[in-house]
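Counting from 1 along the sequence shown, just add 1 to a position and that's the residue number in our numbering.
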Amino acid sequence: MSRRGWLGCLSLVLAVASLANAWASGEAPGLALTDTGYLRGNGASVMLYADSYSPIFFDQKNAALQIILHGRRIATNGSLRFSPTPEQWSRIPHLVRRWTDRAHGRLVAQLSYPAYHLDYHINVTPEPGGFRVSLDLDQPLPEAAVGRVGYNLEFLPSIYADQAYEVDGVVRGMLPRDPQGRMVADPPARGAPPLPWYVEQWRATRQHMVPRAFAAGHRVTLVPEDRLHRVSISSEDAEVRLYDGRNQAQNGWFVARSLVPPGKTTDAIVWHVQLASVPGWTRAPVIAHSQVGYAPRFPKVAVIELDPAGDAPKTASLLRLSAEGTFEKVYQAQVSTPQPWLRYAYATFDFSSTRQPGLYKIEYADQQTAPFRIADDVYDHTWQTSLDGFMAVQMDHVAVRDAYRVWHGVAHGDDARQAPPEVRSFDGYWMGAQTYSPFEPGEHVPGLDVGGWFDAGDFDNDVFDQLQTIRNLALSWSTFRPTWDELTVDEQARSVVMHQPDGIPDVVQQVEHGVLQTMAQIRAFGHPIMGIHASTLAQYTFIGDAASQTDGRIHDSRADGSGVDGSHAGAPDDRWAWTNYNASMDYSAIASLAAASAALKGWNDGLAQECLQSAIALWQREQAHPGPEVAGRFDQPSPSYQWAAALELMIATRGAEPYRQRVEALFPSVVQDMTDRGWTAVRALPYLAPAEAARFRKALEAWLPEMHKRMASTPFGVPPSAGGWGNAAQVARFGVAMYFLHHAFPDVVSPEPTLRAVNYLLGTHPVSGTSWIAGVGTVSTLHTYSNNRGDQGYIPGGMVPGYIVVKPDFPESVDDFGMLWFEHETTIGAATDWILAAQAAAAIAKETDAGASLNAAH
2 MSRRGWLGCL
12 SLVLAVASLA
22 NAWASGEAPG
32 LALTDTGYLR
42 GNGASVMLYA
52 DSYSPIFFDQ
62 KNAALQIILH
72 GRRIATNGSL
82 RFSPTPEQWS
92 RIPHLVRRWT
102 DRAHGRLVAQ
112 LSYPAYHLDY
122 HINVTPEPGG
132 FRVSLDLDQP
142 LPEAAVGRVG
152 YNLEFLPSIY
162 ADQAYEVDGV
172 VRGMLPRDPQ
182 GRMVADPPAR
192 GAPPLPWYVE
202 QWRATRQHMV
212 PRAFAAGHRV
222 TLVPEDRLHR
232 VSISSEDAEV
242 RLYDGRNQAQ
252 NGWFVARSLV
262 PPGKTTDAIV
272 WHVQLASVPG
282 WTRAPVIAHS
292 QVGYAPRFPK
302 VAVIELDPAG
312 DAPKTASLLR
322 LSAEGTFEKV
332 YQAQVSTPQP
342 WLRYAYATFD
352 FSSTRQPGLY
362 KIEYADQQTA
372 PFRIADDVYD
382 HTWQTSLDGF
392 MAVQMDHVAV
402 RDAYRVWHGV
412 AHGDDARQAP
422 PEVRSFDGYW
432 MGAQTYSPFE
442 PGEHVPGLDV
452 GGWFDAGDFD
462 NDVFDQLQTI
472 RNLALSWSTF
482 RPTWDELTVD
492 EQARSVVMHQ
502 PDGIPDVVQQ
512 VEHGVLQTMA
522 QIRAFGHPIM
532 GIHASTLAQY
542 TFIGDAASQT
552 DGRIHDSRAD
562 GSGVDGSHAG
572 APDDRWAWTN
582 YNASMDYSAI
592 ASLAAASAAL
602 KGWNDGLAQE
612 CLQSAIALWQ
622 REQAHPGPEV
632 AGRFDQPSPS
642 YQWAAALELM
652 IATRGAEPYR
662 QRVEALFPSV
672 VQDMTDRGWT
682 AVRALPYLAP
692 AEAARFRKAL
702 EAWLPEMHKR
712 MASTPFGVPP
722 SAGGWGNAAQ
732 VARFGVAMYF
742 LHHAFPDVVS
752 PEPTLRAVNY
762 LLGTHPVSGT
772 SWIAGVGTVS
782 TLHTYSNNRG
792 DQGYIPGGMV
802 PGYIVVKPDF
812 PESVDDFGML
822 WFEHETTIGA
832 ATDWILAAQA
842 AAAIAKETDA
852 GASLNAAH
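What follows is the structure in C-alpha cells.
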C-alpha cells in the first residue's frame with residue numbers, strides 16, 4: 002500500500018473512532034441483544050432478517066437488515082443485491098437461516114444466491130454509537146457478479162427528502178424532493194443466470210437503465226443536523242455510494258451501497274453505522290380515537306399508546322366546544338393501568354358517560370386530539386365516499402368524471418386476448434396446458450370490454466375479489482336499502498359522472514356494473530375465469546389514467562407495430578384473459594349472480610332474470626359435473642363457495658328446492674365455523690325449521706367465549722394483524738359478522754363489537770389515531786397505494802390495510818408515505834367491507850333498546 006493510501010486508511014479509522022466517541026458521549030443508543038433476537042437501545046432497534054423477502058411479491062421493502070430510530074422504521078433491505086436500486090422483481094437472496102450468536106454478542110444471517118453459487122454471512126455487532134455490519138463470502142465473487150454485487154441499505158424518502166447529507170465530512174447538498182439523478186444503461190453480464198421472462202422483457206423495455214450514484218465517499222451522513230434521524234455510514238474499504246431509487250420506480254427509496262471487491266471473502270464489506278440518539282428519549286403518547294366520533298348511548302373509549310419508559314399521566318380530560326368558540330373541560334377521569342402489548346403499553350380513557358351531542362377533543366399529556374362529534378348520526382355519512390368516490394373511480398371500461406376532474410377515460414376497450422398455455426406470469430397469474438377456453442392463444446375474446454372494477458392499486462380484474470364485491474354490494478342493498486344516489490351511470494355511453502344523481506341508487510348500479518363483467522365471462526367461456534390482467538410488466542407497473550394503460554384498440558397481428566385501422570391496431574398491448582377455472586369459481590359466481598338478481602329486481606328486471614337463470618344453470622352443471630381441481634392465483638387452493646351458492650340461491654328463490662335441501666345438509670358444519678362462515682347462516686334461518694335456530698344459538702353461545710378471548714389478545718378488541726398485510730378488511734368483516742349475529746340474537750350478542758370494529762378503522766388502532774378510510778374523519782390517511790399513487794395522493798373512500806408488525810414487536814402504519822402496498826393498498830373488496838360495516842354501525846346507533854342490548858351477554 003502506498004504512503005498516501007496508508008494515511009487515507011489511518012484517517013478513516015481515526016474519523017470512525019472520533020465519530021463513535023462523539024456519539025457515545027451521552028448520545029449513544031447503547032444497542033444490546035434482546036431476548037427476542039434483535040438489537041435494541043435508547044431510541045433505536047436493529048433487526049436482521051426477522052422479516053425476509055416475500056415468496057410471492059419478492060422485494061416488499063420490509064426485509065433483511067432494518068433500522069427503527071426514534072419510533073420510525075427509517076431503513077430497510079440491508080442485504081447483498083445485484084442492483085443499486087432494486088425493484089420488486091429484482092433478484093433476492095435465499096435466507097438459509099438466521100440466529101443470535103450470544104457468545105459473540107451479534108446477529109448472524111446465512112444467505113445464498115444459488116444461481117450464482119454465491120453463499121455468504123452477514124454479521125451485525127453492537128459498537129459504541131451504533132453497530133458494525135460485516136459481510137463474509139464463502140468464496141470470492143464469481144466473474145459474472147464482479148462489479149454488480151453490493152451491500153445495500155435503503156432509507157425512507159418521506160423522512161430524508163429535502164434534508165442535508167454529508168460525504169467525508171463535507172455537506173454536499175440536499176436530498177431532493179423529486180428524483181433528479183442521471184441514468185445509465187447496465188445490461189446483464191455475459192453468462193449471468195436469466196431472470197423470469199417478464200423481468201427480462203421489462204428490463205429490455207427500459208433499456209436496462211439504472212440510476213447513477215449521485216455521491217460517493219468513505220463516510221456518508223444523512224441529516225447531520227437532525228438528532229432524531231441522523232445516520233452515518235463509514236466503510237473500512239469500499240466506498241459508500243448514494244443512489245435515488247425513485248429514478249427507477251416511484252416506490253423507490255434512497256440507497257446507500259458498497260460494491261463487493263473481487264477476490265475478498267472475510268470482511269468483504271465492513272460498515273460502521275452510527276445512529277442519532279437523544280438522551281432519555283421516549284416516544285410521545287398516541288391518543289387513538291374515532292376521527293368521526295361516537296354515538297351518545299354507546300361506549301366511548303380512546304386507547305392511549307405509551308412508551309413503557311415514559312412518564313405517563315394518570316388522567317385524561319374531555320373538552321367540548323362552547324358557544325363562545327373555545328374548548329372547555331367537561332370531564333376528567335383516570336386512565337386504566339397500562340398493559341403491555343408488543344413493544345408499547347396501552348391504557349384506556351373511558352368517557353362513555355358523556356352523552357351530550359357536540360364537538361369534542363381529548364386532552365392527555367399536553368396533547369389535544371383533533372375534534373370529533375358525539376351525535377346520533379355520527380356514522381351516517383361514513384360510507385358514501387367509498388361507494389360513489391372510490392368504487393366509482395375503480396369502475397373499468399367506462400370514463401369517470403367528477404366536475405372539472407376526469408379521473409380516467411374509457412379504459413381497456415381492447416379487452417381481452419386469450420392467455421397462452423404453459424406460462425407463469427407476475428402477480429400470481431398462470432396457465433397450465435389446459436386453457437378451458439374455445440379461443441386460441443393470443444386470440445381476441447369478444448365481449449369482455451364491459452363492467453368490472455380495477456381490483457386494487459393496479460388495474461387487473463381478479464375473479465374472487467370481483468365476485469365478493471358484487472355480493473357485498475348486494476348484501477348492502479338487501480339489508481340496509483341505501484337509496485343514496487350521487488352518480489350518473491350510462492353503461493351504453495361508457496360514462497360515469499360523479500355528484501350528479503340519475504334516479505337509481507348507486508349501490509344498485511355498482512351491482513349491475515360488476516354483473517356485466519361476470520356475465521361476459523360466462524358467455525365467452527362458459528364459466529368465470531381467474532382474471533383479466535396486464536400481459537407485461539410495462540403495463541403492470543403503469544400508474545395514471547387507466548385509459549392509457551392500453552391503446553383501446555384490438556390487436557391485429559396483420560398490422561405493424563404502429564399500424565392503426567379503426568378499432569384495430571398493431572400494438573399487442575391488450576390484456577390477457579387468464580381462463581383457468583375450478584368449482585370454487587363457479588360456486589362463487591353462482592352466489593354473486595343469485596344475490597345480484599334480488600338487488601337488480603325492479604331496476605333492471607331483464608338482467609335480474611338473466612342473473613338468476615345463469616346462477617341456476619351453473620349450479621345444475623356443477624352438481625352434475627364438478628369443475629376441475631385447478632389451483633387459483635399463486636397456486637393457492639381456492640376456498641369452497643358451495644355454501645354461499647346454495648344460500649344465495651335459496652334466498653333468491655324464496656326457499657326453493659334443491660337449494661334449501663343443500664343448505665340444510667351444509668348447515669351443521671357451517672355453524673361450527675362461526676369465525677369465517679357461520680355468521681352467514683343467520684340469513685338462512687327464516688327458511689329453515691325452528692330447530693335450526695336452536696342449533697345455531699347453541700353453536701353461537703359455545704363460540705362467543707373463544708371469540709372474546711381472541712379479541713382480548715390486543716388492546717383494541719379486534720382481530721390482530723398477524724400476517725404480511727394489514728388487518729383493516731378483516732376487522733371490517735368482523736364488524737359485519739357481529740352485526741348480523743346481534744341482529745338475529747340481540748339477547749346473546751352485544752352491538753358493541755361492531756361499533757368497536759368501526760371505531761378501530763376510524764382511528765382507534767395502533768401507531769396513530771389516523772382514520773384508515775381516505776378522506777373520512779377529521780384526520781385520515783391521505784397517501785394511499787391507489788392507482789394515482791404516483792401523485793402522492795389518494796382516492797377518497799379507499800380503505801388501507803393499516804398496521805403490520807415488523808417482527809418481532811414493532812407495529813407500523815406509515816402516514817406520510819403511501820408506497821408500501823401491505824399498509825396502503827386500497828382494494829374493492831376492502832372498500833365494500835367498509836361500506837357494510839359502516840352501515841351496520843349507523844343502524845346500531847339508531848337502535849331504541851341500546852341499553853338492553855349493551856347488557857346482553859358478552
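The beta carbon of each residue, even a glycine, is placed where N, CA and C say it ideally should be. Only a predicted model underlies this, so the values are computations on that prediction, with no experimental measurement involved.
The beta-carbon distance between Thr470 and Thr833, rounded to whole angstroms, is 5 Å. This is short enough to meet the 8 Å contact definition. Note on Phe635: under 16 other CB atoms within 10 angstroms of its CB, so exposed under the neighbour-count rule. Straight-line spacing of the CA atoms in Val97 and Gly182 works out to 36 Å. Inter-segment contact for the segment 58–66 and the segment 171–178 is absent: fewer than three beta-carbon pairs are separated by less than 8 Å. Its chain contains Phe823 as the residues whose beta carbon lies nearer than 6 Å to that of Gly725, once the 5 sequence neighbours on both sides are disregarded; these appear in chain order.
The residue among Ala539, Arg576, Gln731, Leu343 with its C-alpha nearest the C-alpha of Arg207 is Ala539.
In this chain, the beta strand (DSSP E) harbouring Trp408 covers 406–409. Counting of Cβ neighbours within 10 angstroms places Glu155 among the buried residues, the total reaching 16 or more.
The Cβ neighbour count for Glu167, taken over all protein chains shown within 10 Å, is at least 16; the residue is labelled buried. Inclusion of Asp461 and Gly532 in the CB contact set at 8 Å is warranted, their separation being smaller than that value. Secondary structure of Ala521 (DSSP, three-state): helix. Gly429 and Pro812 have their C-alpha atoms spaced approximately 28 Å apart. Going by C-alpha positions, Ala653 is about 28 Å away from Pro638. Cβ-Cβ separation between Gly819 and Gln793: approximately 7 Å, consistent with a contact (criterion under 8 Å). Looking at the DSSP output, Asp351 shares a beta bridge with Val302. Between His569 and Ile555, the C-beta gap is smaller than 8 Å, which places the two residues in contact. DSSP places Val732 within a helical segment (H, G or I) once states are collapsed to three. Selection Pro286, Gly433, Leu229 evaluated against Ala277 yields Leu229 as nearest (Cα-Cα). Within the DSSP bridge table, the entry for Ser46 names Arg41, Ile69 as partners. Take the alpha-carbon of Leu686 and the one of Phe735: they are about 20 Å apart.
If you look at Val759, you'll find it in the alpha helix (DSSP H) that goes 753–762. Nearest Cα to Leu608 within the set Val664, Gln518, Met651, Phe668: Gln518. Of the other Cβ atoms in all chains shown, fewer than 16 fall within 10 Å of the Cβ of Gly281; this residue is therefore exposed. Contact check for Leu32 against Val47 passes: the beta carbons are separated by less than 8 Å. Per DSSP, reduced to three states, the secondary structure at Tyr642 is coil, with no helix or strand assignment. Scanning its chain for C-beta atoms nearer than 8 Å, with the 5 sequence neighbours on each side dropped, one finds around Ile523 the residues Pro529, Ala590, Ser615, Leu619, in chain order. Two segments are said to touch when three or more pairs of C-beta atoms, one from each, lie closer than 8 Å; by this definition the segment 776–795 touches the segment 383–395.
Taking a C-beta distance under 8 Å as the contact criterion, Arg73 and Ile160 qualify as a contact pair. In its chain, beyond the 5 residues on either side, Trp90, Ser426, Phe427, Thr537, Leu538 have a beta carbon closer than 8 Å to the beta carbon of Tyr199. For Pro506, the secondary structure class from DSSP, reduced to helix, strand or coil, is coil. Apart from sequence neighbours up to five positions away, the residues of its chain that approach Trp478 with a beta-carbon distance below 6 Å are Val508, Ala600, ordered along the chain.
Between Ala525 and Gly448, the C-beta spacing is below 8 Å. DSSP places Met739 within a helical segment (H, G or I) once states are collapsed to three. For Ile533, the enclosing beta strand (DSSP E) stretches over residues 532–534. DSSP, read as helix, strand or coil, puts Gln624 in helix. The three-state reading of DSSP puts Thr386 in helix, counting H, G and I together.
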